[in-house]
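Note that the protein sequences, when read in sequence, are chains C and B. Going by the working numbering, 96 is the number at position 91 of the first sequence; the sequence numbering is gapless. Going by the working numbering, -8 is the number at position 9 of the second sequence; the sequence numbering is gapless. We put the beta carbon where it would ideally sit given N, CA and C, even for glycine. Report on the structure given below.
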Amino acid sequence: MAIPAIQELSASAPFRDLVRHVLGPDSFAVRALYFDKIPDANWKVPWHQDLTVAVHKRVSDEPGYGARSVKAGVPHVEPPVSVLEQMLAVRIHLDDCGRMNGPLRVIPGSHKFGRLTADQQSALPKDREVSRTVRRGDVILLRPLLLHASSAAQSSAHRRVIHIEYAVCNLPGEVEWQHGRLHPAQTGVNSN
Amino acid sequence: MSLAELGYAIVEQSATAETADRLIELTKSFERSGAVVREI
Chain C
6 MAIPAIQELS
16 ASAPFRDLVR
26 HVLGPDSFAV
36 RALYFDKIPD
46 ANWKVPWHQD
56 LTVAVHKRVS
66 DEPGYGARSV
76 KAGVPHVEPP
86 VSVLEQMLAV
96 RIHLDDCGRM
106 NGPLRVIPGS
116 HKFGRLTADQ
126 QSALPKDREV
136 SRTVRRGDVI
146 LLRPLLLHAS
156 SAAQSSAHRR
166 VIHIEYAVCN
176 LPGEVEWQHG
186 RLHPAQTGVN
196 SN
Chain B
-16 MSLAELGYAI
-6 VEQSATAETA
4 DRLIELTKSF
14 ERSGAVVREI
């Protein structure tokens, strides 16, 4: 969220409208990621939930906040499920993503089971898996607790995605989002 | 079925071609740096 163009995108009317319908008027962007899959850097992503969030600084002992880590110099923590349940990721695809491009695969409804152990993930019926191909300009709205995966691409084409995460609440105590916060008087205005 | 039920939804053609082109221009600097996953 340090790039002005990404801040503008996250606060743009189309994105705000999409998020408002799900999270309400007080949501704000807290993290943005860029993904690509190309022949030289192409990978399979196993089934997982998005359980960590980027925070402003390392915290040692906030109750309910665990799995502390640092990714690319940015501190991350695993917040309580109640925080993740109030988040939404908006993923805009910059290229067509067909079956050969490693599309997103999901287990519909799996977000309703909270944080899943490895055994619980294995027990979910994978015959319910849905592979979602998209066109350039399409947006996928994704709850972080939804079990999802993707295969390695079998095509040399790019599969570029900009992924922006939104939240609706501040974090407790000394824990702060890396970017963004809810202001008391906020009424649908992005704080970044 | 809704996003609340499924946990995901697809919004077709949410971005215009112009927006996608502008974002691709932005991502070219990431490509030049060799990054395929990065915080932005």
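Helix, strand or coil at residue i according to DSSP, with G and I counted as helix
i              : result
residue 46(B)  : Absent from the model: residue 46(B). The displayed extent of chain B is -16 to 23, so no value can be given.
residue 180(C) : coil
residue 77(C)  : coil
residue 173(C) : coil
residue 84(C)  : coil
residue 153(C) : strand
residue 195(C) : In this prediction, residue 195(C) has a pLDDT of 47, which is less than 50 and means its spatial position is unreliable; nothing more can be read from the coordinates.
residue 128(C) : helix
residue 58(C)  : strand
residue 139(C) : strand
residue 97(C)  : strand
residue 9(C)   : helix
residue 110(C) : strand
Cβ of residue i within 8 Å of any chain C Cβ
i             : result
residue 15(B) : no
Closer than 9 Å at the beta carbon, the chain B residues around residue i
i              : result
residue 143(C) : -7, -6, -5, -4, -3 and -2
residue 151(C) : -11, -10 and -9
residue 111(C) : -11, -10 and -9
Contacts that residue i makes with chain E (C-beta to C-beta distance below 8 Å)
i             : result
residue 40(C) : Absent from the structure: chain E. Protein chains present are C and B.
Rounded separation between residue i and residue j - CA only
i              : j              : result
residue 157(C) : residue 181(C) : 34 Å
residue 63(C)  : residue 104(C) : 40 Å
residue -16(B) : residue 113(C) : 10 Å
residue 168(C) : residue 7(C)   : 14 Å
residue 80(C)  : residue 42(C)  : 25 Å
residue -8(B)  : residue 116(C) : 13 Å
residue 40(C)  : residue -11(B) : 23 Å
residue -13(B) : residue 52(C)  : 20 Å
residue 132(C) : residue 150(C) : 19 Å
residue 129(C) : residue 56(C)  : 18 Å
residue 78(C)  : residue 46(C)  : 21 Å
residue 1(C)   : residue 91(C)  : Residue coverage of chain C in this structure runs from 6 to 197, which leaves residue 1(C) outside it and unanswerable.
residue 136(C) : residue 107(C) : 9 Å
residue 24(C)  : residue 95(C)  : 8 Å
residue 70(C)  : residue 87(C)  : 11 Å
residue 18(B)  : residue 76(C)  : 14 Å
residue 22(C)  : residue 178(C) : 30 Å
residue 8(B)   : residue 38(C)  : 16 Å
residue 17(C)  : residue 119(C) : 30 Å
Listed by chain order, chain B residues near residue i by CB distance under 8 Å
i              : result
residue 77(C)  : 21 and 22
residue 23(C)  : -6 and -3
residue 201(C) : There is no way to answer for residue 201(C), as the model of chain C reaches only from 6 to 197.
With 16 other Cβ atoms within 10 Å as the buried cut-off, status of residue i
i              : result
residue 68(C)  : exposed
residue 49(C)  : exposed
residue 142(C) : buried
residue 139(C) : buried
Contact list for residue i against chain B, beta-carbon separation under 7 Å
i              : result
residue 114(C) : -12, -11 and -10
residue 27(C)  : -14
residue 46(C)  : 19
Chain B within 8 Å of residue i, Cβ atoms only
i              : result
residue 139(C) : yes
residue 51(C)  : no
residue 121(C) : no
residue 108(C) : no
residue 147(C) : yes
residue 197(C) : Low per-residue confidence applies at residue 197(C): pLDDT is 45, beneath 50, and the placement is therefore not dependable, though the value from the model is reported in the following sentence. Chain B, which has no Cβ nearer than 8 Å to the Cβ of residue 197(C), makes this no.
residue 216(C) : Chain C is shown only over 6 to 197; residue 216(C) falls outside these bounds and no answer can be derived.
residue 99(C)  : yes
residue 10(C)  : yes
residue 172(C) : no
residue 63(C)  : no
residue 133(C) : no
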